[in-house]
Each structure stands twice: as C-alpha cells, then as structure tokens.
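Please read the structure below before turning to the comments.
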Amino acid sequence: MLTKTAFQGKVTKTNQLFIPFVVAGDPSPEMTIEYALRLQGQGADILELGVPYSDPLADGPTIQRAAKRALKAGMSLRKAIELVPEMRKQGVEIPVVIFTYYNPVLQIGHDAFFDLLEANGVEGVLIPDLPFEESEEVRNLADEKAIEFISLVAPNSEERIKQIAEQAKGFLYCVSTLGVTGERNEMNAEALNFIKEVKAYSPVPVAVGFGISNYEHVKLVNDHADGVIIGSKIIRVIESGLEKVESDAKEEALQDFSKEIKQLMNG
C-alpha cells in the first residue's frame with residue numbers, strides 16, 4: 011500500500027476546493043503570513059505561495075506589481091521556502107505549494123531545491139514554465155521526497171491533455187483561458203467544455219484558475235470542476251489595504267481582507 015504524502019493527508023475534501031495564491035513577501039514576509047492565516051480562516055484548503063520573479067511570463071499586471079513589491083522587500087526563492095516553517099509556527103496548517111518559475115530552480119539546482127523543500131516542510135511545487143515533456147527528472151525527485159508535483163493543463167495542450175491529466179498529482183491546475191493571469195468578466199462555453207474533458211482523464215481534483223474574480227465565477231466553476239484557484243483578485247484586495255498596512259493600521263487592513271474574501275467565496 012502506498013504511503014500518503016503529507017499533502018494528501020492534509021486535504022480532506024475532493025470538491026469545492028479553495029486554493030488562493032499570494033506572493034511571498036508582498037508587502038512583507040510578516041504580512042504574507044497574516045494573509046495566509048486569514049485565508050485559512052476563510053476556508054482555504056491549499057495555499058499557493060508564489061515566488062516573485064523578474065520575468066513572469068504567465069502573470070498579468072496585478073501579480074507583476076505584487077512580485078515587484080516582494081522583490082523590493084528582499085524576497086527570493088530560498089527565503090520564500092524558508093517562510094513556510096514560520097507560517098507553521100503561527101498556525102498555518104493547510105498544505106503549501108511553492109509556485110515558482112523554472113530559472114530560479116535551475117540556479118539552485120534540482121537536488122538542492124528539493125532538499126530545501128523537504129527540510130522546510132513544503133508539501134507541493136508548481137513550475138508553470140516547465141513543459142510536461144521536460145519535467146520527468148523534476149517529477150521523479152518530487153516523488154522521492156513525497157512532495158506533490160502539481161501539473162498545469164491549458165486549452166492549447168490539445169493532444170497532451172490526456173497525458174498530462176493522467177499523471178497529475180495533488181490537484182490538477184486547469185487554466186480556464188489562454189493568456190496571462192488577471193480578472194475577467196465571464197467564462198465561455200469553450201472553457202466549460204475544456205474543464206469537462208480534463209475531468210474525464212484526471213485521477214485527482216481539477217481546480218480552475220485564471221480570471222476568477224467574483225462569487226458568480228466561484229459558483230460557476232464549482233458546478234463544473236472540483237475547486238477554484240484565485241490569485242489576481244486576492245492580490246487586488248491586498249493592494250487595496252496597502253495604505254492601511256503602511257500607516258500601521260494592519261489589523262483594520264486584515265479585517266477588511268477577511269471580509270472581502272468571505273464575500274468572494276460565499277456571496
């Protein structure tokens with residue numbers, strides 16, 4: 011019998027998953043932990059912890075601004091990973107997935123990267139710009155460390171959809187639309203058909219991201235998939251509280267944040 015990974019042991023649901031994305035260090039490491047605790051308090055099942063990167067290919071302007079703030083605060087791949095034990099100390103119990111581009115991983119080295127993930131209790135990793143066909147070594151290392159390597163599938167994956175989906179671990183990140191991240195006003199029928207196809211092949215929950223920005227989107231996605239991934243909208247809420255954070259009204263900013271997330275997820 012296969013031993014459960016720490017990720018699998020901590021995720022108790024297989025549908026209506028709430029997977030928020032925040033950028034490590036935005037606007038500070040301390041506030042990242044506070045926002046993570048608030049998201050957990052609003053029902054988050056898994057946290058995607060983004061590593062700020064200077065050339066974020068898939069990120070829209072909102073996440074680019076967050077990455078810029080985090081880089082200014084001195085955040086790096088190593089520091090983002092080392093933030094996870096601090097999150098644990100302060101009460102974050104849900105699985106943390108490190109979301110990083112491939113170049114910083116390459117600079118550290120595959121073995122050192124996975125040693126770092128293991129040493130800091132990270133349960134999952136997602137590398138959006140690493141093509142599936144080139145990911146075998148990384149996926150094998152993840153398996154050796156019992157860390158879930160989260161796959162990403164997009165509408166332009168075409169004949170690769172089945173191949174990617176069947177080998178998915180943890181959850182499958184289903185990109186609802188082509189282009190960069192960012193809030194959108196609607197989801198079209200093509201996106202819903204794509205989700206249906208992905209679900210037919212995936213042995214793990216299918217969570218949909220890119221463009222989910224209100225309760226109507228959340229409800230629509232939960233009717234067709236197993237969970238929602240929300241990034242840009244959450245970062246916009248963080249941005250709206252920056253002045254309060256900077257003027258030492260952090261508690262008020264956090265209360266506003268919780269209220270906004272509650273409305274986003276529950277209407």
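In my numbering, each number is its position in the sequence shown, counted from 1, plus 10.
Glycine included, each C-beta is placed from N, C-alpha and C at the ideal position.
Quick caveat, the model's predicted, so the values are computed rather than measured.
When you compare only the Cα positions, how much space is there between residue i and residue j?
i, j, result
"SER268", "GLY180", "26 Å"
"PRO62", "HIS234", "31 Å"
"ASP266", "THR72", "19 Å"
"PHE17", "SER257", "37 Å"
"PRO141", "GLU158", "17 Å"
"ALA178", "SER212", "7 Å"
"GLN26", "ARG98", "24 Å"
"GLY70", "GLU58", "17 Å"
"LYS14", "ARG246", "36 Å"
"ILE160", "ALA34", "18 Å"
"GLU146", "PRO37", "35 Å"
"GLY84", "ASN130", "19 Å"
Which residue comes first and which comes last in the alpha helix (DSSP H) that contains residue i?
i, result
"GLY19", "16 to 20"
"ALA217", "Note, ALA217: premise wrong, no alpha helix (DSSP H); beta strand (DSSP E) at 216 to 219."
"TYR225", "225 to 234"
"ILE271", "260 to 276"
"ARG48", "39 to 51"
"ASP36", "It is not in any alpha helix (DSSP H) - ASP36 carries neither H nor E in the DSSP assignment."
"THR72", "71 to 82"
"ASN113", "112 to 118"
"TYR211", "199 to 211"
"PRO95", "87 to 99"
"GLU169", "It is not in any alpha helix (DSSP H) - GLU169 carries neither H nor E in the DSSP assignment."
"LEU252", "252 to 256"
Need the endpoints of the beta strand (DSSP E) that residue i sits in, please.
i, result
"LEU27", "27 to 33"
"LEU182", "182 to 185"
So, for residue i: in the same chain, excluding its five sequence neighbours on each side, which residues have a beta-carbon less than 6 Å away from its beta-carbon?
i, result
"GLU293", "Here the chain covers residues 11 to 277 and nothing more, so residue 293 does not appear."
"GLY20", "Before going on, a small fix: residue 20 reads as Lys here, not Gly. For LYS20, where only same-chain residues beyond five positions count, the Cβ hits under 6 Å are PRO105."
"LEU136", "VAL107, PHE109, ILE160"
Residues bridged to residue i by DSSP?
i, result
"GLU158", "GLY134"
"ILE240", "PRO30"
"GLU58", "PHE31, VAL107"
"VAL163", "CYS184"
Tell me which residues share the same chain as residue i and place their Cβ nearer than 7 Å to its Cβ, disregarding the 5 neighbours each side in the sequence.
i, result
"LEU47", "GLN100, GLY101, VAL102"
"PHE28", "GLY53, ALA54, ASP55, GLY237, VAL238, MET275"
"LEU252", "PRO37"
"LEU188", "The pLDDT assigned to LEU188 is 41, lower than 50, so where the model puts this residue is not dependable; a value taken from the coordinates is nonetheless given after this. So the qualifying residues of the chain are ALA164, PRO165, ASN166."
"ILE91", "ILE108, LEU126, LEU127, ASN130, VAL132"
"LEU264", "GLU44, ARG48"
Among the residues of its own chain, which have a CB less than 8 Å from the CB of residue i, if the five just before and after it don't count?
i, result
"GLU249", "THR72, ARG75, ALA76"
"LYS260", "MET41, GLU44, LYS254"
"LYS229", "GLY277"
Using only alpha-carbon positions, find the residue among the options that is nearest to residue i.
i, options, result
"ILE240", "ILE271, SER145, ASN203, GLU262", "ILE271"
"ASP87", "ASN232, ALA210, SER167, PHE123", "A small correction: the amino acid at residue 87 is Leu; Asp does not occupy that position in the sequence shown. Checked all of ASN232, ALA210, SER167, PHE123; the closest Cα to LEU87 is PHE123."
"PHE31", "ILE171, GLU143, VAL218, GLU262", "VAL218"
"TYR112", "LYS206, GLY60, TYR225, GLU96", "GLY60"
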